[in-house]
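Enquirer: Every letter in the sequence shown is one number past the one before it in my numbering, and letter 182, counting from 1, is 182.
Questions regarding the structure given below will be posed in turn.
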Amino acid sequence: MRVGWARLLDLARRIKRRRRLLLITLAVLLPVFVLSGLVIQNSARETAITQKELAGTAYMRRTWDILSACDAGLPLPQSGLVAPHHHRLPELATASARLIDDMSGERDRRAACHRARSFLRQVADDSGLILDPRADTYHLTHMTAKDLPELSGHVADLATPAANVESDIDRLSEATAEVVDSLNRATQRDGDGALRSGVALPSDVLTRAVDRYKDAVRKNGVADARDLRGPLDTLWGVGVDHLERLLNARVAWAKLKLWLSLGTAFLLTGLALAVLVYFELYVEREEIIKLNASLKQSNEELERFAYICSHDMQEPVRMMNIYAGLLLTDSRDQLDETGRRHLDYIAQNARNLRQMIQDILDFCRVGRDRMDLVLVDSGAIAAQVLALYAPQIAAGAVKVSVADLPRVTANATLLQVVFQNLIGNALKFQDGGRTPDIRISARQTGLLWRFEVSDNGIGIDEAGREDVFAAFRRLNRREDFPGNGLGLSTCRKLLRLVGGDIDFTSTPGQGSTFYFTLPVTPETQQAVAGGQSAIR
Numbered sequence: 001m002r003v004g005w006a007r008l009l010d011l012a013r014r015i016k017r018r019r020r021l022l023l024i025t026l027a028v029l030l031p032v033f034v035l036s037g038l039v040i041q042n043s044a045r046e047t048a049i050t051q052k053e054l055a056g057t058a059y060m061r062r063t064w065d066i067l068s069a070c071d072a073g074l075p076l077p078q079s080g081l082v083a084p085h086h087h088r089l090p091e092l093a094t095a096s097a098r099l100i101d102d103m104s105g106e107r108d109r110r111a112a113c114h115r116a117r118s119f120l121r122q123v124a125d126d127s128g129l130i131l132d133p134r135a136d137t138y139h140l141t142h143m144t145a146k147d148l149p150e151l152s153g154h155v156a157d158l159a160t161p162a163a164n165v166e167s168d169i170d171r172l173s174e175a176t177a178e179v180v181d182s183l184n185r186a187t188q189r190d191g192d193g194a195l196r197s198g199v200a201l202p203s204d205v206l207t208r209a210v211d212r213y214k215d216a217v218r219k220n221g222v223a224d225a226r227d228l229r230g231p232l233d234t235l236w237g238v239g240v241d242h243l244e245r246l247l248n249a250r251v252a253w254a255k256l257k258l259w260l261s262l263g264t265a266f267l268l269t270g271l272a273l274a275v276l277v278y279f280e281l282y283v284e285r286e287e288i289i290k291l292n293a294s295l296k297q298s299n300e301e302l303e304r305f306a307y308i309c310s311h312d313m314q315e316p317v318r319m320m321n322i323y324a325g326l327l328l329t330d331s332r333d334q335l336d337e338t339g340r341r342h343l344d345y346i347a348q349n350a351r352n353l354r355q356m357i358q359d360i361l362d363f364c365r366v367g368r369d370r371m372d373l374v375l376v377d378s379g380a381i382a383a384q385v386l387a388l389y390a391p392q393i394a395a396g397a398v399k400v401s402v403a404d405l406p407r408v409t410a411n412a413t414l415l416q417v418v419f420q421n422l423i424g425n426a427l428k429f430q431d432g433g434r435t436p437d438i439r440i441s442a443r444q445t446g447l448l449w450r451f452e453v454s455d456n457g458i459g460i461d462e463a464g465r466e467d468v469f470a471a472f473r474r475l476n477r478r479e480d481f482p483g484n485g486l487g488l489s490t491c492r493k494l495l496r497l498v499g500g501d502i503d504f505t506s507t508p509g510q511g512s513t514f515y516f517t518l519p520v521t522p523e524t525q526q527a528v529a530g531g532q533s534a535i536r
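Take a look at the structure:
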């Protein structure tokens, strides 16, 4: 819970620091979102309206089939007016379900056909087709919902003998002219010429059929009007097909605008977030660079100060040690036991202080000078360190075992310091209850050489893990185990300078294993490949 609140507070602080950039970003994105919202709303509304109109064309197709059969005197379809599931309109469902029943129960066939014609116009009204303000769809709807159904009715009336034939011919001519006029108006808005090429033949066939019918009636007094039914149905089908094609194109364009608006909004939002993140990372990078420079300067000044202080302190400590020794030599007989003990204590502490100052100097020097890395024999360096401790090893009957150690790319002095500290600690931190046993080994793990120095000494409690590598931190009393607490911290500092590290595992009362790593370099790999054994 605390971590969550801390993150929220940190985010609030970041926003407060960057509020100017955030306000600029919001000022840029707000109009984009408003405009995108308007476009999306308009596209969604246009899609819904056009899909409703498409549903109307599905009802119109079925209604025309019924109307055409009725006008032609054919049996009416019994399947009813059922549009596809995604094209159903609730307001037309009830009326369409009753249409077949009402027409079947109507004794007057003309009245039944009139019901179908009325329902066809109702479909165009309820689906919004007749109110569509666009000229291309408006004239096609007018032709398919009004002109062609009326022409179909006049053709049906021609099958019944009439007293005034010229009047029937005039109505047929007027209805045909209205169809042709609506068709011409629609083709004027035909951008790709698909409607013009589609209706050219059926329109021409219908016009010639009407002309033939009129000539035959005027010449013979009677003619067969059934020849008009085929071109009439074909022309109606072509008109509705093109109407649906226009509506589908309109739906596709509306959806395209919707997705383009969404995509643009998301793209601009992503770009804005990317700019914010980039600016945030850039500012943090600059802050980190400044902080690192300041920290580096502080560390250099601190190390310089420690070096100067330690160097200047050596002289008074040396003089204190010298005069304490002279006093012990010249005035030993004049001092009692207590005085001599006090002088011994002063001399011992002066030596300890001098050693501490020297350790501080050595620690401050780490990393100041350039370290040359060459191919060195770690086994030979371990042997040199063991030779330095030979008297102590012999005195304590220490058992030492050294495995084959590799040639590594490192610095000889670095390895010597690390081995000297680890072996020295293994010899020093013993409880005296058993024979000391020290084991030194190495193995390659991936891209690292792992060196291990194990002992059977007093071990280290896990609670003191953080203090082991800290400068001037001690886990034991100086009286029990002498030292200044700088050895392992110096080892870690040296190893990290060359890409290595140091750590340990331990069991209190049973011993410890300190291990350090060094990178495997191409030189060591080439030594192995060329037959120069990387193992001593």
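Even glycine gets a Cβ: it sits at the ideal position worked out from N, Cα and C.
1) What residues in its chain sit with their C-beta under 6 Å from that of residue 36, if we drop five residues either side in the sequence?
2) Can you pull the DSSP bridge partners for residue 518?
3) Check whether the region 188 to 202 touches the region 168 to 177, taking contact to mean three or more Cβ pairs, one atom from each stretch, closer than 8 Å.
4) Closest by CA to residue 512, which one among 349, 493, 497 and 436?
5) Quick check on DSSP: helix, strand or coil for residue 155?
6) Between the region 65 to 75 and the region 267 to 279, can you find at least three pairs of beta-carbon atoms closer than 8 Å?
7) Looking at chain D, is there any beta carbon in it that lies within less than 8 Å of the beta carbon of residue 112?
8) Have a look at residue 413 and residue 372 and give me their C-alpha separation to the nearest angstrom.
9) So, with DSSP's three-state summary, where would you put residue 203?
10) Could you say which of 124, 517, 59 and 109 lies nearest to residue 451 if we only look at CA atoms?
11) Roughly how many angstroms separate the alpha carbons of residue 122 and residue 92, rounded to a whole number?
12) Put residue 407 into one of helix, strand or coil per three-state DSSP.
13) Quick one: is residue 288 buried, meaning 16 or more other Cβ sit within 10 Å of its Cβ, or exposed?
14) I'd like the list of long-range same chain contacts for residue 208, defined as Cβ closer than 6 Å, with 5 residues on each side in sequence excluded.
15) Give me the DSSP bridge partner(s) of residue 507.
16) Determine the burial state of residue 53: buried for a count of at least 16 other Cβ atoms within 10 Å of its Cβ, exposed for fewer.
17) Three or more C-beta pairs under 8 Å: does that hold for the region 44 to 61 against the region 115 to 134?
18) Exposed or buried, residue 489, counting other C-beta atoms within 10 Å across all chains shown (16 or more means buried)?
19) Between the Cα of residue 425 and those of 220, 176, 146 and 455, spot the shortest distance and give me the residue it belongs to.
20) In whole angstroms, what is the alpha-carbon distance linking residue 163 and residue 234?
21) Use the C-beta contact count for residue 63: other C-beta atoms within 10 angstroms, 16 or more gives buried, fewer gives exposed.
22) May I have a chain-ordered list of the beta strand (DSSP E) segments no shorter than 3 residues that lie completely inside the region 237 to 302?
23) Would you please state the rounded distance, in angstroms, between the beta carbons of residue 103 and residue 95? I believe it to be under 8 Å.
24) Count the other CB atoms within 10 Å of the CB of residue 75; is the residue buried (16 or more) or exposed (fewer)?
25) Work out the CA separation of residue 403 and residue 457 for me, nearest whole Å.
26) Grouping DSSP H, G and I as helix and E and B as strand, with all else coil, what is residue 118?
27) Give me, in chain order, the residues of the same chain whose beta-carbon lies closer than 7 Å to that of residue 186; leave out the 5 immediate sequence neighbours on both sides.
28) Which first and last residues belong to the alpha helix (DSSP H) in which residue 375 is found?
29) Between which two residues does the beta strand (DSSP E) containing residue 401 stretch?
30) Expressed to the nearest angstrom, what Euclidean distance is found between the alpha-carbon atoms of residue 446 and residue 463?
31) Taking 8 Å as the limit between beta carbons, can you name the residues of its chain near residue 258, skipping five residues before and five after?
32) Determine the closest residue to residue 504 out of 433, 49 and 514, with distance taken between C-alpha atoms.
33) Are there 16 or more other CB atoms within 10 angstroms of the CB of residue 120, so buried, or fewer, so exposed?
34) With residue 29 and residue 269 assumed to form a contact (beta carbons below 8 Å), what rounded beta-carbon distance in angstroms separates them?
35) What does DSSP give as the partner residues of residue 537 in its beta bridges?
Expert: Reading from the atomic positions:
1) So the qualifying residues of the chain are 261 and 265.
2) 449.
3) Segments in contact, no.
4) Among 349, 493, 497 and 436, the Cα nearest to that of residue 512 belongs to 436.
5) Collapsing the DSSP output to three states places residue 155 in a helix.
6) Put simply, the region 267 to 279 does not touch the region 65 to 75. Fewer than three CB pairs are less than 8 Å apart.
7) No chain D is part of this structure, which consists of one protein chain only.
8) The alpha-carbon atoms of residue 413 and residue 372 are separated by roughly 10 Å.
9) Reduced to three states, the DSSP call for residue 203 is helix.
10) With distances taken between Cα atoms, residue 451 lies closest to 517.
11) The alpha-carbon atoms of residue 122 and residue 92 are separated by roughly 9 Å.
12) Residue 407 sits in a strand when the DSSP states are folded into three classes.
13) Exposure of residue 288 is indicated by the presence of fewer than 16 other C-beta atoms within 10 angstroms of its C-beta.
14) Contacts found: none.
15) Answer is 511, bridged to residue 507.
16) Answer is buried; the Cβ neighbour count reaches 16.
17) Because the criterion of three Cβ pairs below 8 Å is met, the region 44 to 61 and the region 115 to 134 touch.
18) Buried, since its Cβ has 16 or more Cβ neighbours within 10 Å.
19) Of 220, 176, 146 and 455, the residue nearest in Cα terms is 455.
20) Caution applies to residue 163, whose pLDDT of 46 falls short of 50 and renders its modelled position unreliable; the model cannot decide the point.
21) Residue 63 is buried by the Cβ-count criterion.
22) With a minimum length of 3 residues, no continuous beta strand (DSSP E) run stays inside the region 237 to 302.
23) Actually they are not in contact, since the Cβ atoms of residue 103 and residue 95 sit about 12 Å apart, beyond 8 Å.
24) Only exposed fits residue 75, as fewer than 16 other CB atoms lie within 10 angstroms of its CB.
25) Looking at the two C-alpha atoms, the distance is approximately 20 Å.
26) Residue state, collapsed to three classes: helix.
27) By the criterion of a C-beta distance shorter than 7 Å, residue 186 is surrounded in its chain by 136, 139, 140, 143 and 195, once the five residues flanking it on both sides are discounted.
28) It is not in any alpha helix (DSSP H) - residue 375 instead sits in the beta strand (DSSP E) that spans 374 to 377.
29) For residue 401, the uninterrupted beta strand (DSSP E) segment begins and ends at 399 to 402.
30) One C-alpha to the other measures close to 30 Å.
31) So the qualifying residues of the chain are 39, 40, 43, 44 and 47.
32) Nearest option by C-alpha distance: 514.
33) Burial call: buried.
34) A Cβ-Cβ separation of about 7 Å places residue 29 in contact with residue 269 under the 8 Å criterion.
35) Since the first residue shown for the chain is 1 and the last is 536, residue 537 is missing from the structure and cannot be characterised.
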